[in-house]
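Chains as they are written, first to last, in the working numbering: chain R, 1 to 172; chain E, 1 to 332.
Glycine included, C-beta positions come from ideal geometry on N, C-alpha and C.
Okay, structure coming up:
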């Protein structure tokens, strides 16, 4: 009996581990898509309304999904509360905080970080160019992420479950 | 210390403490260390990239040393760095230079509290028009002063008692003599009324093309311009006067620094509608005024009943002379 319970625990633990890995593969394209939506909003705010960054960022935070929202809210807060913070500093501080618990890889974060270097320091046309470039890069990253996701999601689900079963069989 | 700057103590409202936060921390500390009587009269902070930091107070300018002492020679003055300039621009714009395109085109920005920052740099042209400025190299932070009661002594001379209204008035002076400050207080009194003078207050339409009078920040006046005042902020004067005339039924229309022919044409319409005007003009004498064709035409209309000349013989905003309409007859 105890053996059976142990076996079930082992299989479900391994299954969970596999699912966890597969989920991070599945979530990366979603996160990238959320960022793309948010940056499109930012482009509209900047080019059409010329809304100052603190307002634009906090406005976006209210309209996007929870995780990405926390990033924008944090960047906005950083700009509003700390005097003399540049947009670049606020952006990278928010990105640092966002990094933990995110499924984005270094390349993705690099794309976002380099946007921060140019944010708010030039006229509208120039801002639009930088935002569009970032969106292009994110789009490519997202396509790659979809591809890896489609390969790995199923794989890791099976690896987890089957791995558990193999261990159980070996021990039985 | 050589070249001590002498500035008489005065009873002005604060204003510098609203402006200092846009400066980088090191500059803010240096300026805040100035003696109170200078701070109270601080008018300008001039930042020029890689050149000495200058301040203006009580009509004089002086350099600021690193230790926060005023000095009249530039050698020991603090040199404004490019980094300082960038930080100021960042603070003014909320880290969003793109939001200032219109302001950069006009060459100035209005801060909350109604203070003005003038800008110079390299102009970027598009179809022969200034599109924006880049490489900003000069900033002049002008502290807007609200001196309530500065027009109180003048008002009785401008009142048209039988009509319970204000005479058509022109205020003129050379630059930096307190025209705008006086006009602001005059607007406040004309709009809110003065019971002691039996003047109930009238609806005032204010065209504030350069956001200097009401100091609007996002459309809301930051200065007290009276309870019956409607402000058209950032609007070209001639167009603004017509808009107010048509839509807001003002009793008095006020605007700053007229001089173009189109302004005078708009004023003519205002006269015809029976609405009173108060305007300011850059000119240091009556003769200078009549030498400008547009203004000469205005005088020939023979509508203006009060000419007020400001100077600084007894401090900024001294009323030097008040001329009545019938004393001023331009040669045709």
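So what's residue i in DSSP terms, helix, strand or just coil?
{"i": "residue 342 (chain E)", "result": "A query on residue 342 (chain E) cannot be resolved here, the shown segment of chain E reaching from 1 to 332 and no further."}
{"i": "residue 165 (chain E)", "result": "strand"}
{"i": "residue 246 (chain E)", "result": "helix"}
{"i": "residue 52 (chain E)", "result": "strand"}
{"i": "residue 126 (chain E)", "result": "strand"}
{"i": "residue 60 (chain E)", "result": "strand"}
{"i": "residue 160 (chain R)", "result": "helix"}
{"i": "residue 34 (chain E)", "result": "coil"}
{"i": "residue 280 (chain E)", "result": "strand"}
{"i": "residue 86 (chain E)", "result": "helix"}
{"i": "residue 70 (chain E)", "result": "strand"}
{"i": "residue 155 (chain R)", "result": "helix"}
{"i": "residue 318 (chain E)", "result": "strand"}
{"i": "residue 313 (chain E)", "result": "strand"}
{"i": "residue 8 (chain R)", "result": "helix"}
{"i": "residue 148 (chain E)", "result": "coil"}
{"i": "residue 103 (chain R)", "result": "coil"}
{"i": "residue 194 (chain E)", "result": "strand"}
{"i": "residue 133 (chain E)", "result": "strand"}
{"i": "residue 199 (chain E)", "result": "strand"}
{"i": "residue 28 (chain E)", "result": "helix"}
{"i": "residue 179 (chain E)", "result": "helix"}
{"i": "residue 187 (chain E)", "result": "helix"}
{"i": "residue 22 (chain E)", "result": "helix"}
{"i": "residue 65 (chain R)", "result": "coil"}
{"i": "residue 7 (chain E)", "result": "Only weak support exists for where residue 7 (chain E) lies, its pLDDT of 36 falling under 50; the value from the coordinates is given anyway. Of the three classes helix, strand and coil, the one that applies to residue 7 (chain E) here is coil, per DSSP."}
Starting from the beta carbon of residue i, find every residue of chain E whose beta carbon is closer than 9 Å, and list them in chain order.
{"i": "residue 122 (chain R)", "result": "97, 98, 134"}
{"i": "residue 51 (chain R)", "result": "96, 99"}
{"i": "residue 40 (chain R)", "result": "Within chain E, no residue comes near residue 40 (chain R); the closest Cβ sits about 16 Å away, beyond 9 Å."}
Just the chain E side, please: which residues come within less than 8 Å of residue i by C-beta, in chain order?
{"i": "residue 86 (chain R)", "result": "90, 95"}
{"i": "residue 79 (chain R)", "result": "94, 95"}
Less than 9 Å separating the beta-carbons of residue i and residue j?
{"i": "residue 142 (chain E)", "j": "residue 43 (chain E)", "result": "yes"}
{"i": "residue 151 (chain E)", "j": "residue 189 (chain E)", "result": "yes"}
{"i": "residue 79 (chain R)", "j": "residue 95 (chain E)", "result": "yes"}
{"i": "residue 180 (chain E)", "j": "residue 305 (chain E)", "result": "no"}
{"i": "residue 121 (chain E)", "j": "residue 144 (chain E)", "result": "no"}
{"i": "residue 235 (chain E)", "j": "residue 279 (chain E)", "result": "no"}
{"i": "residue 245 (chain E)", "j": "residue 194 (chain E)", "result": "no"}
{"i": "residue 11 (chain R)", "j": "residue 131 (chain R)", "result": "no"}
{"i": "residue 56 (chain E)", "j": "residue 63 (chain E)", "result": "no"}
{"i": "residue 268 (chain E)", "j": "residue 295 (chain E)", "result": "no"}
{"i": "residue 142 (chain R)", "j": "residue 47 (chain R)", "result": "no"}
{"i": "residue 333 (chain E)", "j": "residue 112 (chain E)", "result": "Only positions 1 to 332 of chain E appear in this structure, which leaves residue 333 (chain E) out of reach."}
{"i": "residue 204 (chain E)", "j": "residue 250 (chain E)", "result": "yes"}
{"i": "residue 26 (chain E)", "j": "residue 84 (chain E)", "result": "yes"}
{"i": "residue 111 (chain R)", "j": "residue 155 (chain R)", "result": "no"}
{"i": "residue 24 (chain E)", "j": "residue 87 (chain E)", "result": "yes"}
{"i": "residue 215 (chain E)", "j": "residue 114 (chain E)", "result": "yes"}
{"i": "residue 19 (chain R)", "j": "residue 118 (chain R)", "result": "no"}
{"i": "residue 333 (chain E)", "j": "residue 283 (chain E)", "result": "An answer regarding residue 333 (chain E) cannot be provided, because it is not within the stretch 1 to 332 covered by chain E."}
{"i": "residue 123 (chain E)", "j": "residue 130 (chain E)", "result": "yes"}
{"i": "residue 98 (chain R)", "j": "residue 67 (chain R)", "result": "yes"}
{"i": "residue 243 (chain E)", "j": "residue 271 (chain E)", "result": "no"}
{"i": "residue 160 (chain E)", "j": "residue 276 (chain E)", "result": "yes"}
{"i": "residue 51 (chain E)", "j": "residue 79 (chain E)", "result": "yes"}
{"i": "residue 82 (chain E)", "j": "residue 176 (chain E)", "result": "no"}
Could you list which residues in chain R have their beta carbon closer than 9 Å to that of residue i, in chain order?
{"i": "residue 21 (chain E)", "result": "83"}
So which residues of chain R does residue i contact, with C-beta pairs closer than 8 Å?
{"i": "residue 296 (chain E)", "result": "The premise fails here: residue 296 (chain E) is roughly 41 Å from chain R at the closest Cβ pair, so nothing lies under 8 Å."}
Between residue i and the ligand GTP, is there a pair consisting of the residue's CB and a ligand heavy atom that are separated by less than 8 Å?
{"i": "residue 58 (chain E)", "result": "This structure lacks the ligand GTP; in fact it carries no ligand of any kind."}
Which residues does DSSP pair with residue i in a beta bridge?
{"i": "residue 323 (chain E)", "result": "E:307"}
{"i": "residue 160 (chain E)", "result": "E:165"}
{"i": "residue 108 (chain E)", "result": "E:118"}
{"i": "residue 140 (chain E)", "result": "E:46, E:118"}
{"i": "residue 65 (chain E)", "result": "E:77"}
{"i": "residue 173 (chain E)", "result": "E:282"}
{"i": "residue 206 (chain E)", "result": "E:231, E:254"}
{"i": "residue 217 (chain E)", "result": "E:220"}
Name the chain E residues that come within less than 7 Å of residue i, Cβ to Cβ?
{"i": "residue 46 (chain R)", "result": "98"}
- If you measure beta-carbon to beta-carbon, which residues of the stretch 93 to 107 of chain E are closer than 9 Å to chain R? 93, 94, 95, 96, 97, 98, 99, 100, 101, 102, 104
- Task: Return the residues of the stretch 220 to 248 of chain E that lie within a Cβ-Cβ distance of less than 7 Å from chain R, sorted by chain order.
- Result: From the stretch 220 to 248 of chain E, no residue has a Cβ closer than 7 Å to chain R.
- Residues within the stretch 25 to 39 of chain E neighbouring chain R, beta-carbon criterion of under 8 Å: 25
- Going along the chain, which residues of the stretch 122 to 140 of chain R sit with their C-beta nearer than 7 Å to a C-beta in chain E? Under the 7 Å Cβ criterion, the stretch 122 to 140 of chain R contributes 122, 123, 124, 127.
- Please list the residues of the stretch 69 to 91 of chain E that have a C-beta atom closer than 8 Å to any C-beta atom in chain R, keeping them in chain order. 87, 90, 91
- Task: Could you please tell me which residues of the stretch 18 to 30 of chain R, in chain order, have their CB closer than 7 Å to any CB of chain E?
- Result: none
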